[in-house]
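What follows is a single structure, written as structure tokens, with notes after it.
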Amino acid sequence: MADSFVEWHLAGGAQPLAITMNEGVCLAVEVDPHHIQRRLDTGYCDEMASTLDEALHQVREACNQGQPLSIGLIGNATEVYPELVRRGIAPDLVTDQTSAHDALNGYIPEGLSEEKAEELRKRDSQGYMKRSMASMVTHVRAMLDMQKMGSIVFD
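Residue 20 in the working numbering sits at position 39 of the sequence shown; the count goes up by one each step and never skips.
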């Protein structure tokens, strides 16, 4: 994916705008659709996608046309990043903007919606952190795999 960039977490939100200002294409994976909508409303993100296939189609079209574009994909990087690897997709740049230093409140484990994550956090904080840590391993392995495939990976 030439001239593409993938990141996870849009709470800060400036990266997609910075990338498009520099003529790039950004796929930002964000579990909270409200964060994406807020970036759309402020002009910091151009499009929202609900599936990886939809987002990748938009990325390919923008790259092929040489058009800057930022796409907020509703998803969890611990699920999306390994799927990119399975598909043999290596974006030019890959980063992670989560608060992974806080396994309880800064990360949502694989397979959980925000609502389910909140329920589990309250009901079983130790179990939640264990699931977060396991998901972080999957997430980081996928980033390292993309690095082996040629992506520049940084935090």
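Backbone N, C-alpha and C fix where the C-beta goes; we use that ideal spot for every residue, glycine too.
DSSP state of residue i mapped onto helix, strand, coil
{"i": "Val12", "result": "coil"}
{"i": "Asp126", "result": "helix"}
{"i": "Ala30", "result": "strand"}
{"i": "Ser132", "result": "coil"}
{"i": "Leu93", "result": "coil"}
{"i": "Asn45", "result": "helix"}
Buried or exposed by the 16-neighbour rule on C-beta atoms within 10 Å, applied to residue i
{"i": "Ile0", "result": "buried"}
{"i": "Ile133", "result": "exposed"}
{"i": "Gly87", "result": "exposed"}
{"i": "Ser106", "result": "exposed"}
{"i": "Leu50", "result": "buried"}
{"i": "Leu85", "result": "exposed"}
{"i": "Arg112", "result": "buried"}
8 Å Cβ cutoff met for residue i and residue j
{"i": "Ile55", "j": "Met29", "result": "yes"}
{"i": "Asn57", "j": "Glu35", "result": "no"}
{"i": "Asp13", "j": "Glu64", "result": "no"}
Presumed contact (8 Å Cβ cut-off) between residue i and residue j, rounded CB distance
{"i": "Asp27", "j": "Asp77", "result": "Not really, about 21 Å apart at Cβ, beyond 8 Å."}
{"i": "Val6", "j": "Val61", "result": "Incorrect: roughly 16 Å between the Cβ atoms, too far for contact."}
{"i": "Val75", "j": "Met127", "result": "5 Å"}
{"i": "Arg20", "j": "Gly53", "result": "6 Å"}
Residue i beta carbon near the ligand MG (any heavy atom closer than 7 Å)
{"i": "Leu65", "result": "In the structure shown, the ligand MG is absent, as is every other ligand, since no ligand is present at all."}
Practice prompt. Could you tell me whether the region 92 to 100 touches the region 33 to 41, where touching means 3 or more Cβ pairs closer than 8 Å?
Written response: Verdict: no, contact absent.
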